[in-house]
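The structure appears right after this line, and notes come after that.
In the numbering used here, the protein residues as written are 209 to 342.
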């Protein structure tokens, strides 16, 4: 599953790449839909923006069409090898370049608050000096 996600992102991790993520017209809490390789639409929530990346939570949910509204309580990360849901799984924190994020052609659905517990992976990434997928 991770290989498919990395393949969709271009398959590489860039450490130290500079790009101004704040220049895009999106912000923390934005729930966005984007076309899925499997068909339909996936949902990502922007957790944070910095000079290097758009930090998102990528949900496992798949919608046949771009939703006009989403109940945030229905969004899940999924479970690996779930017999009831063999589809894609999500990722709690994914730092991707602005370029890659724009290639996904995200469509804003709505804005929701970013809760502190949603930033756990982002904080760990910051402390580790993590890389950015491009």
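Quick reminder that beta carbons are idealized off the backbone N, C-alpha and C, glycines included.
Name the DSSP bridge partner or partners of residue 269?
DSSP output for residue 269 lists no bridge partner at all.
For residue 311, tell me which candidate among 236, 245 and 237 has the shortest Cα-Cα distance.
For the residues 236, 245 and 237, the minimum Cα distance to residue 311 belongs to 245.
Using 8 Å as the cut-off, can you tell me whether the region 320-332 makes contact with the region 243-260, which would need three or more C-beta pairs spanning the two stretches below that distance?
The region 243-260 and the region 320-332 touch, with three or more beta-carbon pairs separated by less than 8 Å.
Cα-Cα separation, residue 286 to residue 302:
Their backbone Cα atoms lie some 15 Å apart in a straight line.
Beta-carbon spacing of residue 233, residue 268 below 8 Å
Judged by beta-carbon spacing, residue 268 lies beyond the 8 Å limit of residue 233, meaning their Cβ atoms are not closer than that value.
Nonlocal neighbours in the same chain, by C-beta distance under 6 Å from residue 274, ignoring five residues either side:
241, 249 and 315, listed in sequence order.
Residue range of the alpha helix (DSSP H) that includes residue 300
From DSSP, residue 300 is part of no alpha helix (DSSP H) but of the beta strand (DSSP E) over 299-304.
Less than 8 Å separating the beta-carbons of residue 318 and residue 277?
Contact check for residue 318 against residue 277 passes: the beta carbons are separated by less than 8 Å.
Helix, strand or coil: which one does DSSP assign to residue 280?
Three-state DSSP puts residue 280 in a helix.
Checking 8 Å against the spacing of the C-beta atoms, do residue 321 and residue 247 come in under that value?
Contact flag unset, no.
Residue 332 and residue 283 closer than 8 Å at C-beta:
The beta carbons of residue 332 and residue 283 sit no closer together than 8 Å.
From the DSSP secondary-structure annotation, give me the bridge partner or partners of residue 318.
Looking at the DSSP assignment, residue 318 forms a beta bridge with 239.
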